[in-house]
Ligand SMILES: Cc1cc2nc3c(=O)[nH]c(=O)nc-3n(C[C@H](O)[C@H](O)[C@H](O)COP(=O)(O)O)c2cc1C
């Protein structure tokens, strides 16, 4: 019997399983549509997409399925102060550029602020849910999303962030534990600066504390890779799970094969949180760039992201995992290579089995 929760009821899902938004190409239309067809819900990580690309991705999903899907953006951050001298950062990556056959790196500049246009495209894209990470969007954006009847989800890495998201009017919270792959969602509240070091509470500790502190439905995110993890999340009071790494090794995921192989062969202790690729803390598999780039050689987000983008693009084409941002969570040792449909079906069976096994144990069976 599939588990039903407030999340499945609200979105019309068969399973309380969310495929996490994965900006950067992992969450292809094929992946999102396959997760939806299998009874979960997939999200488009649209942070790096233009408004036209958001519309295209949504249409491509609609061409494959009429099931619901979600859209995700990074909440706007204050523009970083560009360093007076970026030469240390440029000098650090220059040899990587050379090894990949690229001309030397130029000083990265901030692009035009596309957020308002991205929001407009996301509102019109037909998504049933709209989620944010990195903070809280403006009251106007929140009102526009709610006026469309979309489920509005905010990402919290601490109890305080979850409370702030509830006060701002979110409909649900994605509780992102410290074991999660990808960028940390941590953000500043009021005058308190974002404390990335402190905000690495594990999923097991974070989820029940957020469940106790807010009245909203909570999604457990970080380290959930199989049905045991889903059953545990439900036991902690979550109404569903948001899984990234587990979906990255699916056939439909749009990351290079070298990246999938790295996930399938790395072990639980081989990820770290790094700023080396984007300038913002994110968890990935330790590789050469993470080992070699020193803190003082990193530009603030998103300038570092712009600086390393040509390197990452060339590395993806050449299958060079040592230069890729291999975002992945600590659960990666449980990753499996399969289709998204097989993964969702297996997760549902495993969840059911885990719950039955527990009730058997509890009743002395
Ligand atoms: C490759 C990758 C890209 C991600 N991109 C985003 C994103 O664009 N937006 C977002 O809200 N979360 C993003 N995340 C974080 C996920 O939402 C989620 O918190 C995380 O994947 C959960 O941990 P897990 O990877 O152990 O399942 C990303 C995660 C990964 C692995």
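Numbering (our numbering), first residue to last: 107 to 471. Ideal Cβ positions, reconstructed from N, Cα and C, are used throughout, including at glycine.
On the three-state DSSP scale, how would you describe residue 419?
helix
Can you check whether the CB of residue 206 is closer than 8 Å to the CB of residue 426?
yes
If you measure between the beta carbons of residue 457 and residue 336, is that distance less than 8 Å?
yes
Hey, is residue 239 close to ligand 1, as in C-beta under 7 Å from one of its heavy atoms?
yes
Residue 421 and residue 391: beta carbons closer than 8 Å?
no
Any heavy atom of ligand 2 within a distance shorter than 7 Å of the CB on residue 261?
For ligand 2, the structure offers nothing, since it holds only ligand 1.
Within its chain, find whatever has a CB closer than 7 Å to the CB of residue 163; leave out the 5 residues flanking it on each side and keep chain order.
135, 150, 155
Can you pull the DSSP bridge partners for residue 121?
Answer is none; residue 121 lacks a bridge partner.
If you follow the alpha helix (DSSP H) that residue 489 is part of, which residue opens it and which one closes it?
Residue 489 lies beyond the residue range present for the chain, which begins at 107 and ends at 471; the question has no answer from this structure.
According to DSSP, is residue 411 helix, strand or coil?
helix
Please work out which residues of its chain come closer than 6 Å, Cβ to Cβ, to residue 300, disregarding the five sequence neighbours upstream and downstream, and give them in chain order.
292, 293, 294
Exposure label - residue 324; buried when at least 16 CB within 10 Å
buried
Return yes when at least one heavy atom of ligand 1 lies under 7 Å from the C-beta of residue 76, else no.
An answer regarding residue 76 cannot be provided, because it is not within the stretch 107 to 471 covered by the chain.
How about residue 289: is its Cβ closer than 7 Å to a heavy atom in ligand 1?
yes
Is there at least one non-hydrogen atom of ligand 1 closer than 7 Å to the beta-carbon of residue 330?
yes
Which residue or residues does DSSP assign as beta-bridge partners of residue 389?
288, 379
For residue 226, which residues in the same chain have their Cβ closer than 7 Å to its Cβ, ignoring the five residues on either side in sequence?
157
Identify, in the order they occur along the chain, each residue of the same chain with its Cβ nearer than 6 Å to the Cβ of residue 410, setting aside the five sequence neighbours on each side.
384, 385, 404
When DSSP builds the beta bridges, which residues end up paired with residue 280?
261, 325
Any heavy atom of ligand 1 inside 7 Å of the beta-carbon of residue 360?
no
Measure from the alpha carbon of residue 190 to the alpha carbon of each residue in 213, 253, 238, then state which is nearest.
213
Bounding residues of the beta strand (DSSP E) (the contiguous stretch that carries residue 348):
346-349
Helix, strand or coil: which one does DSSP assign to residue 151?
strand
Taking 7 Å as the cut-off, is the CB of residue 285 close to at least one heavy atom of ligand 1?
yes
Whole-number beta carbon distance between residue 453 and residue 332, since they are thought to touch under 8 Å
7 Å
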